[in-house]
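The next block holds one structure in the form of structure tokens; read it before the comments.
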Amino acid sequence: MSYFPKVEKIRYEGPTTENMFAFRHYNPEELVMGKKMKDHLRFAIAYWHTMTQDGSDPFGNPVNQRTWFADTPMQTAKNRVEAFFEICEKLGAEYFCFHDIDIAPEGDSLEEFFANIDEITDLIKEKMDQTGIKLLWNTANMFSNPRYINGAASTNNADVYAYAAAQVKKGLDISKKLGGENYVFWGGREGYETLLNTDMKFEQDNIARLFKMAIAYGEKIGHKPQFLLEPKPKEPSKHQYDFDAATTMAFIQHYGLEGDFKLNLEANHATLAGHTFEHEIAVARSYNALGSLDANQGDVLLGWDTDEFPTNIFDTTLALYEVLENGGIAPGGINFDSKVRRSSFEMEDLLLAHIAGMDTYARGLKAAAKLKEDRFFDNLKEERYATFKEGIGAKIVNDEEDLESLTDYALGHDHVKLESSHIEYVKSRLNDYLV
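Under the numbering used here, the first residue of the sequence shown is numbered 725, with each subsequent residue one higher.
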């Protein structure tokens, strides 16, 4: 059975095509800086927003029209597997990712939940073998169920902590089963409401303990995915421990996890933290910790995590420039942690939204490659920091100066000439690459 019988496999037709179900910029086999576009981008389809998001919001009931619902939760889950891989194949996406509760119903007990996961991942494995589509990453949802009202690893309840550990163990088991290349932790409820009744250090110590248990278990079963932490500053917790890339790196280094953990960064989370996406990627790069990306965007007029499909070429260009500077993103990738808008409720809108996101990233990649080939930013930076290439600047960089010697120098050179950064001109030149 086809869940999208009106749509053929989506192909590249160029920027002039009038076909909605075609790529205008994403040509997977096109070479960009000597590498196929699909290998630069490593697109992944996110199971949660694609298959389980229903179009509801705080002010309205579900509106999404979906044809995979059946009489039982397990049959619905099986139908979703079929529909999901049809989406991946028609888009030409070579990777996917999921939370545990996305793919299988929780049932009435942990034992039943695990049995459901085993049955559904058997089907997923069959589909992976048939199609060649790979698992970019999986994770455990440890934030939706009421048991996690006060966190999972940061919980005040030891029984809840044990339940979370069981979900992580199962997540690593199915990661090995499906050949997952990464494993993600998102601390949606790992935070606090008030310090009046919170032991912050104790909670973070416990989070680190769970991470170290995960590392040890992966080694025990002979499976070593790249572990990823995903920062987010707020929602649902008021004060979340993984506020942004810099805060998360401080946690990773404090607990000695830098040999095992990198960052999974999301564009909309960067916005909520008061940063740009490229800023967060640059921070991760500076720590050699860029792991993977969640592709979406927020709305400047709305103050929450809207998870819109990315359509801003300016943003994707600057993000992908950082990826190119990093030498690529593998074994991570770019997954569409994005949901269709409430008014895009038809089945085919799932495909159209992904086409828009994939085209936007492809266009951004081509612009970023041109910027890198022209050394646009390199030239700007070399000129701006030129005083550190010779004379006193070179001595500073080479650690040949101290406070006393620099004071002596400053006393004889205290007429500093201000230098303009030409911000408006630089921005206008950058626009030339996005046309």
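Heads up, the beta-carbon is just placed ideally off N, CA and C, and yes, glycines get one too.
Residue from M1071, S1067, L1075 with nearest C-alpha to G784: Taking only the C-alpha atoms, the option nearest G784 is S1067.
Helix, strand or coil at F838 according to DSSP, with G and I counted as helix: Helix, per DSSP.
F767 classed as buried or exposed, judged by whether at least 16 other C-beta atoms fall within 10 angstroms: By the C-beta density criterion, F767 is buried, having at least 16 other C-beta atoms within 10 angstroms.
Y1133 in three-state terms, based on DSSP: Secondary structure of Y1133 (DSSP, three-state): helix.
Where Y916 falls, given that 16 or more other Cβ within 10 Å makes a residue buried: Its Cβ being crowded by 16 or more others within 10 Å, Y916 is buried.
Three-state secondary structure assigned by DSSP to H947: H947 sits in coil when the DSSP states are folded into three classes, being neither helix nor strand.
Start-end ranges of the alpha helix (DSSP H) lying completely within the segment 939 to 1026, minimum 4 residues: Within the segment 939 to 1026, the complete alpha helix (DSSP H) segments at least 4 residues long are 969 to 978, 991 to 996, 1001 to 1010, listed from N- to C-terminus.
Short Cβ contact (8 Å threshold) for L896 with Y965: Not closer than 8 Å, so no.
Whole-number beta carbon distance between L952 and A969, since they are thought to touch under 8 Å: Actually they do not touch by this definition, with Cβ atoms about 12 Å apart.
For Y1109, the three-state DSSP class (helix, strand or coil): Three-state result, Y1109: coil.
Buried or exposed by the 16-neighbour rule on C-beta atoms within 10 Å, applied to K814: Classification for K814: buried.
CB of L859 within 8 Å of CB of F808, strictly: Going by beta carbons, L859 and F808 fall outside the 8 Å limit.
Per-residue DSSP class, three states only, for N1059: Reduced to three states, the DSSP call for N1059 is strand.
Extent of the continuous beta strand (DSSP E) run through I1169: Lying outside 725 to 1159, the shown extent of the chain, residue 1169 is not represented and no answer is given.
Three-state secondary structure (DSSP) of Y1157: Here DSSP, grouped into helix, strand and coil, assigns Y1157 to helix.
Inter-stretch contact (C-beta, 8 Å, three-pair minimum) for the segment 1095 to 1108 and the segment 1036 to 1055: The segment 1095 to 1108 and the segment 1036 to 1055 touch, with no fewer than 3 CB-CB distances between them shorter than 8 Å.
Euclidean distance between Cα positions of V805 and P960: Spanning the two alpha carbons is a distance of roughly 29 Å.
Three-state secondary structure assigned by DSSP to G915: G915 falls in the strand class under three-state DSSP.
Selected residue, minimal CA-CA separation from A1043, among S1062, F935, A1091, I1079: It is A1091.
Three-state class that DSSP yields for F935 in the structure shown: Three-state DSSP puts F935 in a helix.
Inter-residue CB distance, A991 and N1020 (contact presumed, cutoff 8 Å): The pair is a contact, with the Cβ atoms about 5 Å apart (cut-off 8 Å).
Nearest-angstrom Cβ-Cβ length linking H925 and F838, presumed shorter than 8 Å: The question names His, but residue 925 in the sequence shown is Lys. Between K925 and F838 the beta-carbon gap is near 33 Å, outside 8 Å, which marks them as no contact.
Environment of T918 [buried if 16+ CB atoms lie within 10 Å]: The residue in question, T918, is exposed, as its Cβ has fewer than 16 Cβ neighbours within 10 Å.
Neighbourhood of K1096 by C-beta distance below 6 Å, restricted to the same chain and skipping five residues each side: L1048.
Coarse secondary structure for R1087, derived from DSSP in three states: DSSP places R1087 in helix when its eight states are reduced to three.
Beta bridge counterpart(s) of C812 as assigned by DSSP: Answer is none; C812 lacks a bridge partner.
Buried/exposed call for N930, threshold 16 Cβ in 10 Å: Around the C-beta of N930, 16 or more other C-beta atoms lie within 10 Å, and the residue is accordingly described as buried.
Whole-angstrom C-beta distance between P752 and M761, which should lie under 8 Å: With 8 Å as the limit, M761 and P752 qualify as a contact, their Cβ atoms being about 6 Å apart.
Beta-carbon proximity of F1060 to A794, cut-off 8 Å: No, the Cβ-Cβ distance between F1060 and A794 is not below 8 Å.
Three-state secondary structure assigned by DSSP to R871: Here R871 sits in helix by DSSP.
Own chain partners of Y1157 with C-beta closer than 6 Å, once the 5 adjacent residues on each side are dropped: Cβ neighbours of Y1157 beyond the five flanking positions: A1091, K1094, L1095.
Rounded separation between A755 and T800 - CA only: Looking at the sequence provided, one finds Leu at residue 755 rather than Ala. The alpha-carbon atoms of L755 and T800 are separated by roughly 40 Å.
Nonlocal neighbours in the same chain, by C-beta distance under 6 Å from Y736, ignoring five residues either side: Here the set comprises F747, N751.
Run of the beta strand (DSSP E) containing Y1045, from where it starts to where it stops: Note, Y1045: premise wrong, no beta strand (DSSP E); alpha helix (DSSP H) at 1037 to 1049.
Nearest-angstrom Cα separation, counted from D923 out to Q777: Cα to Cα, the separation comes out at about 35 Å.
F728 vs L1075 beta-carbon contact at 8 Å: Contact flag set, yes.
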